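One structure below.
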Amino acid sequence: MKRFRKALFLVQSIALATSALAQHQTFTINPDASKVAFALAGTGHSVSGVFHVQSGSISFDPGAATISGSVIVAAGSGDSGDKGRDKKMNSDVLDVAHFAEVSFVPKSYTGTIAPTGDSTIQVAGIFTLHGTPHDLMLPMQLHSDGTKLTASGHFVVPYVQWGLKDPSVFVLKVAKEVGIDLTLVGQLSAGH
Numbered sequence: 067m068k069r070f071r072k073a074l075f076l077v078q079s080i081a082l083a084t085s086a087l088a089q090h091q092t093f094t095i096n097p098d099a100s101k102v103a104f105a106l107a108g109t110g111h112s113v114s115g116v117f118h119v120q121s122g123s124i125s126f127d128p129g130a131a132t133i134s135g136s137v138i139v140a141a142g143s144g145d146s147g148d149k150g151r152d153k154k155m156n157s158d159v160l161d162v163a164h165f166a167e168v169s170f171v172p173k174s175y176t177g178t179i180a181p182t183g184d185s186t187i188q189v190a191g192i193f194t195l196h197g198t199p200h201d202l203m204l205p206m207q208l209h210s211d212g213t214k215l216t217a218s219g220h221f222v223v224p225y226v227q228w229g230l231k232d233p234s235v236f237v238l239k240v241a242k243e244v245g246i247d248l249t250l251v252g253q254l255s256a257g258h
């Protein structure tokens, strides 16, 4: 009987340790399947396009509600369909020669991440634009099949308030905020 209890205790301990390890996940972002879409309203027109996700890896533990990692976007990759406008955006507004990356570093989250299916969470973190960090709360919708994860969310960047140049000219006025639709696609794996 004593051996049985020891064996049962050992099996339970291994099961608990395996369960705890399985809780910790790493989301490795596939840059080619991910995108950062932007929309900027203007007088009589609007501008939309996409930026390229350069890299990203997010580690999280649903059991402990911890999160870390980063998502890096190439600042000079903005494509609005107009090469002249994109060149002006890169040089005059984003100053990509000095600030080649835009990043988001998650610090915490609220909500529940389901092992599979759909989840909604709020991610708090640091959004660095033009070399300056800003606190940002990012609402995210997650969909997981257990090995693949898609994370999407919408947020607004008050770029003029954050110190970037207003690209408005005499007749053509644009909004002081840009809407961002983030879609991150990648693989889930057990992480450390």
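Be aware that the sequence shown starts at 67, since it is given in the working numbering, and climbs by one per residue.
Every residue, glycine too, gets a C-beta built ideally from N, C-alpha and C.
Since this is a predicted model, take the numbers as computed values, not measurements.
- Message: Measuring CB atoms only, is the segment 170–188 touching the segment 128–141, in the sense that at least three cross pairs come out at less than 8 Å?
- Response: With the cut-off at 8 Å, the segment 170–188 and the segment 128–141 touch.
- Output the distance between the C-alpha atoms of residue 212 and residue 91, rounded to the nearest integer angstrom. When rounded, the distance between both Cα atoms is 10 Å.
- Item | Cα-Cα separation, residue 113 to residue 135 | Going by the C-alpha atoms only, they are around 31 Å apart.
- Item | Whole-angstrom C-beta distance between residue 221 and residue 246, which should lie under 8 Å | About 5 Å separates the two Cβ atoms, so the contact holds.
- Message: Taking a contact to mean a Cβ-Cβ separation below 9 Å, would you say residue 121 touches residue 93 in this structure?
- Response: Contact annotation: residue 121 and residue 93 have beta-carbon atoms that are not nearer than 9 Å.
- Could you spell out the range, first to last residue, of the beta strand (DSSP E) harbouring residue 177? Residue 177 -> beta strand (DSSP E) spans 167–177.
- Message: Looking at the strands, I want to know which residues DSSP matches up with residue 89.
- Response: Residue pairing by DSSP places residue 89 opposite no residue, since no beta bridge is assigned to it.
- Message: Could you give the first and the last residue of the continuous alpha helix (DSSP H) run that contains residue 153?
- Response: Taken as a continuous stretch (DSSP letters only), the alpha helix (DSSP H) holding residue 153 covers 149–154.
- Task: Going by CA-CA distance only, name the one from 137, 116, 119 and 118 that's closest to residue 125.
- Result: Distance check between residue 125 and each of 137, 116, 119 and 118 places 137 closest, using alpha-carbon atoms only.
- Message: For residue 152 and residue 89, what's the separation of their Cα atoms in angstroms?
- Response: Straight-line Cα distance between these residues: approximately 43 Å.
- Message: In the DSSP output, what is residue 101 paired with across the bridge?
- Response: According to DSSP, which records beta bridges pairwise, residue 101 is partnered with 249.
- Within the same chain, show all residues whose beta-carbon is closer than 6 Å to that of residue 255, passing over the 5 residues directly before and after it, in chain order. Here the set comprises 92.
- Query: Who are the near neighbours of residue 250 in its chain, counting only those whose CB is closer than 6 Å to its CB and skipping five residues on each side?
  - Reply: Within its own chain, the residues whose Cβ lies closer than 6 Å to the Cβ of residue 250, once the five positions on either side in sequence are excluded, are 95, 100 and 217, listed in chain order.
- DSSP three-state assignment for residue 232, whether helix, strand or coil: Coil, per DSSP.
- Smallest Cα separation from residue 208: which of 187, 199 and 228? The residue with the shortest Cα to Cα distance from residue 208 is 187.
- Task: Under 7 Å Cβ to Cβ from residue 143, same chain only, skipping five residues before and after it: list those, please.
- Result: In the same chain as residue 143, and ignoring 5 residues on each side of it, the C-beta atoms closer than 7 Å to its own belong to 117 and 118, in chain order.
- Task: Please go through the same chain and pick out, in chain order, the residues whose beta-carbon is closer than 7 Å to the beta-carbon of residue 219, but skip the five residues on each side of it.
- Result: So the list reads 204, 205, 206, 207 and 248, once near-sequence residues are dropped.
- Message: Quick test of your reading: residue 171 and residue 139, contact by CB under 8 Å. State the CB separation rounded to the nearest angstrom.
- Response: With a Cβ gap of about 12 Å, residue 171 and residue 139 do not count as contacting.
- Message: Here's the rule: buried if 16 or more other CB atoms are within 10 angstroms of the residue's CB, otherwise exposed. What is residue 235?
- Response: Under this definition residue 235 is an exposed residue.
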